[in-house]
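Inspection log for the structure reproduced underneath, given as structure tokens.
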Amino acid sequence: MLDDIHNAASSLREQYLEYALMGVLCQEMWKRGVEMDILRSHTDRSGYDILLEANGIQRHVQLKSSFVGAKTSRQKINVKLAEKPSGCVIWVWFDPATLELVHYLWFGAEPGQPVPDLGERIGKHSKGNAEGYKAERSDIRILNKGQFDAAGSASCLANHLFGKAPACSKSDNTA
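Residues in the sequence shown are numbered from 34 upward in steps of one, following our numbering.
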């Protein structure tokens, strides 16, 4: 039954996960006494989903999500993210029954620095044409899970986003 609802309501689920992530980040910034602005992109043509700003630092963020236990080992990233100052990717792992955020993975650089190299591995369309051919998507790059850093808590994630030196463990990034 969970698979059915996740497939049928995937867009709704993604919105709820985004709200949950923004909630935990807002709580973290509140505890720090720092205001954070959140701006949303209404299309994904620009390579990011949200723009976060705190203490004069802007982050263009592409959001990805997977449920705990998923076999997902890579993500498709829009190359336009590299055109944005301080672009980054946050990969949220969640409990499929409750949508509780469990773990975060991070791909990005220090504030003010561009997103690290996205590599040369070009993404393909997920569905083939009538002959089964899956065309390349020149604006998409594939990042493997191992290219992400673990950011196990909202505090650690906020450190990555806004520059406080992370006091996060460099444990493996399994969820």
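All C-beta atoms, glycine included, are put in the ideal place defined by N, C-alpha and C.
Here the alpha carbons of A163 and G196 stand approximately 49 angstroms from one another. In the DSSP assignment, F127 falls within the beta strand (DSSP E) that extends over 121-127.
In this structure, the straight-line span from the alpha carbon of L45 to that of L176 is close to 25 angstroms. Annotation for K64: the continuous alpha helix (DSSP H) segment containing it runs 43-65. Secondary structure of G179 (DSSP, three-state): helix. Under DSSP, no beta-bridge partner is assigned to N162. In chain order, R92 place their CB closer than 6 angstroms to the CB of L194, counting only its own chain and leaving out the 5 sequence neighbours on each side.
L190: member of the alpha helix (DSSP H) spanning 187-195, first to last residue. About 16 angstroms separates the CB atoms of G156 and V148; that is not less than 8 angstroms, and the two are not in contact. Taken through DSSP and simplified to helix, strand or coil, E169 comes out as strand.
Assigned with DSSP and collapsed to three states, K113 falls in helix. Spanning the alpha carbons of I123 and G165 requires a straight line of approximately 32 angstroms.
At a Cβ-Cβ threshold of 9 angstroms, D70 and E51 do not count as neighbours. When the alpha-carbon of V101 is set against those of T131, S188, Y49, the nearest one is in T131. Residue state for E68 is assigned as coil, using DSSP reduced to three classes. Under the three-state reduction of DSSP, H75 is assigned to coil, being neither helix nor strand. For K97, the uninterrupted beta strand (DSSP E) run begins and ends at 90-100, by DSSP. The C-beta distance from L114 to G80 rounds to 4 angstroms, short enough to meet the 8 angstroms contact threshold.
Just so you know, the alpha carbons of E143 and K104 end up roughly 29 angstroms apart.
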